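Data first, discussion second: the structure below is written as structure tokens.
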Amino acid sequence: MIATTTSPLVLTQTADSEAIVFDAASVLSRLEGDNELAQIVFAAFLEDLPRQIQALKKLVADRDDAGSARQAHSIRGASANVGGASLRKLAAEMERAADAGDWRSVVSRMDELERQFGLLEDAIKRNESVDTKP
Amino acid sequence: MKTLVVEDEFTSRILLQNLLARFGQCHIAVDGEEAVEAFRMALAGAAPYDLICMDIRMPKMNGVEAANRIRKLETEDGVLSTNGVKILMVTTVDDPKDVVGSFHALCDAYLIKPIDKASLLDELRRLSLIA
Numbered sequence: 055m056i057a058t059t060t061s062p063l064v065l066t067q068t069a070d071s072e073a074i075v076f077d078a079a080s081v082l083s084r085l086e087g088d089n090e091l092a093q094i095v096f097a098a099f100l101e102d103l104p105r106q107i108q109a110l111k112k113l114v115a116d117r118d119d120a121g122s123a124r125q126a127h128s129i130r131g132a133s134a135n136v137g138g139a140s141l142r143k144l145a146a147e148m149e150r151a152a153d154a155g156d157w158r159s160v161v162s163r164m165d166e167l168e169r170q171f172g173l174l175e176d177a178i179k180r181n182e183s184v185d186t187k188p
Numbered sequence: 222m223k224t225l226v227v228e229d230e231f232t233s234r235i236l237l238q239n240l241l242a243r244f245g246q247c248h249i250a251v252d253g254e255e256a257v258e259a260f261r262m263a264l265a266g267a268a269p270y271d272l273i274c275m276d277i278r279m280p281k282m283n284g285v286e287a288a289n290r291i292r293k294l295e296t297e298d299g300v301l302s303t304n305g306v307k308i309l310m311v312t313t314v315d316d317p318k319d320v321v322g323s324f325h326a327l328c329d330a331y332l333i334k335p336i337d338k339a340s341l342l343d344e345l346r347r348l349s350l351i352a
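Top to bottom, those sequences are chains Y and S.
Everything in the first sequence is counted per my numbering, starting at 55 for the first residue and increasing by one.
Everything in the second sequence is counted per my numbering, starting at 222 for the first residue and increasing by one.
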């Protein structure tokens with residue numbers, strides 16, 4: 055059964071526009087409906103992303119521009135894989151800012167990155183609970 | 222099909238590994254340096270990879286540099302370019318154009334993240350790696 059028919063999109067209000075927190079349907083579409091693989095990918099993401107965010111925080115604190123850009127790039131790629139559009143967008147902005155050495159932009163987005171991950175984590179877990187219903 | 226997935230990011234690695242292990246042996250490297258070493262060892266052991274699926278932006282050594290070194294190892298080993306490993310570079314839509322342009326001569330195909338199963342399988346068929 056494809057779980058996402060009951061919760062295809064989760065939206066959040068951001069500073070500039072309403073963005074998609076979690077688009078589970080797009081993930082299943084990219085995986086040709088393979089829900090088992092989607093759940094494996096979601097679990098990997100939820101396990102790994104907190105570590106990636108901590109790593110980014112340390113790189114930002116160390117003012118490591120190349121490292122921060124690379125770490126933000128990883129968060130962007132991971133978020134894209136799980137349909138986390140708003141987190142992906144934010145990580146992309148941080149990657150570009152770090153590449154440009156624009157530390158003010160990088161630092162100002164750090165709290166929002168954690169908040170967006172929290173929203174995405176909740177949305178994925180809600181989706182999982184839908185999926186495990188008999 | 223023997224594959225080397227080269228990806229520093231955990232979620233993408235899990236996804237690619239799950240998709241590609243269905244077609245044969247699938248090894249993992251987490252950066253360009255590890256990829257070059259894995260490729261060198263496979264070549265020396267006469268069990269080369271058929272496919273390298275590699276991210277472009279990684280720590281220690283990026284995908285373009287790793288692809289350069291892999292092609293150099295093939296040349297030194299006498300591997301004809303037509304018989305070389307197929308390299309599929311994984312990139313993102315907004316990677317800088319100069320970076321994207323630099324790997325065209327080294328690679329056989331590229332995929333844009335997020336990974337799409339149908340696009341991946343289409344490329345593998347186009348490269349005659351799967352039926």
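Note that CB positions come from ideal geometry on N, CA and C, so glycine has one too.
Fair warning: this is a prediction, and the values are worked out from it, not measured in the lab.
Indicate the three-state DSSP secondary structure (helix, strand or coil) for residue i in the structure shown.
i, result
"S/H325", "coil"
"S/M282", "coil"
"S/T303", "helix"
"S/I308", "strand"
"S/L332", "strand"
"S/T313", "coil"
"S/E228", "coil"
"S/A257", "Checking the sequence shown, residue 257 of chain S turns out to be Val, not Ala. Correct three-state label for S/V257: helix."
"Y/L85", "coil"
"Y/M164", "helix"
"Y/D156", "coil"
"S/M275", "strand"
Which residues in chain S sit within 9 angstroms of residue i, going by Cβ to Cβ distance?
i, result
"Y/D102", "E230, F231, T232, I235"
"Y/F99", "F231, T232, I235"
"Y/I74", "The contacting residues do not exist; Y/I74 stays about 13 angstroms from chain S at best."
Just to confirm, does residue i get its C-beta within under 8 angstroms of one of the non-hydrogen atoms of the ligand SAH?
i, result
"Y/D102", "As presented, the structure is devoid of all ligands, the ligand SAH included, so that no description of it is given."
Give the interface partners of residue i over in chain S, defined as CB-CB distance under 7 angstroms, in chain order.
i, result
"Y/E86", "K338, A339"
"Y/L91", "N239"
"Y/I94", "I235, N239"
Given that residue i touches chain Y, what residues does it touch there, using C-beta distances under 7 angstroms?
i, result
"S/R278", "R124, H127"
"S/T296", "The contacting residues do not exist; S/T296 stays about 29 angstroms from chain Y at best."
Mind checking residue i: buried by the 16 CB within 10 Å criterion, or exposed?
i, result
"S/G266", "exposed"
"Y/T59", "Legend: pLDDT at Y/T59 = 41, less than 50; position of this residue unreliable, no value from coordinates given."
"Y/Q170", "buried"
"Y/T186", "Legend: pLDDT at Y/T186 = 46, less than 50; position of this residue unreliable, no value from coordinates given."
"Y/R84", "buried"
"S/Q246", "exposed"
"Y/K179", "exposed"
"S/M310", "buried"
"S/L236", "buried"
"Y/D77", "buried"
"Y/A69", "Here Y/A69 scores only 46 on pLDDT, less than 50, and its place in the model should not be relied on; the value that follows carries that caveat. By the neighbour-count rule (16 or more Cβ atoms within 10 Å), Y/A69 is not buried but exposed."
"S/K281", "exposed"
"Y/K112", "exposed"
Between the Cα of residue i and the Cα atoms of the options, which residue gives the shortest distance?
i, options, result
"S/L240", "S/K223, S/M282, S/E254", "S/K223"
"S/H325", "S/V285, S/E230, S/K293", "S/V285"
"S/T232", "S/F244, S/G245, S/I249", "S/I249"
"S/L327", "S/E258, S/R290, S/E230", "S/R290"
"S/P269", "S/E297, S/P335, S/A330, S/V306", "S/V306"
"Y/S140", "Y/S159, Y/A98, Y/A177, Y/A123", "Y/A177"
"S/V257", "S/R292, S/D229, S/E230", "S/R292"
"Y/D102", "Y/V160, Y/M164, Y/A132", "Y/A132"
"Y/A151", "Y/N181, Y/A120, Y/A134, Y/G138", "Y/A120"
Quick one: which chain Y residues come within Cβ less than 9 angstroms of residue i?
i, result
"S/K334", "R130, G131, A134, N135"
Compare the C-beta of residue i with all C-beta atoms of chain A and state if any pair is closer than 9 angstroms.
i, result
"S/T224", "The structure shown contains no chain A; its protein chains are Y and S."
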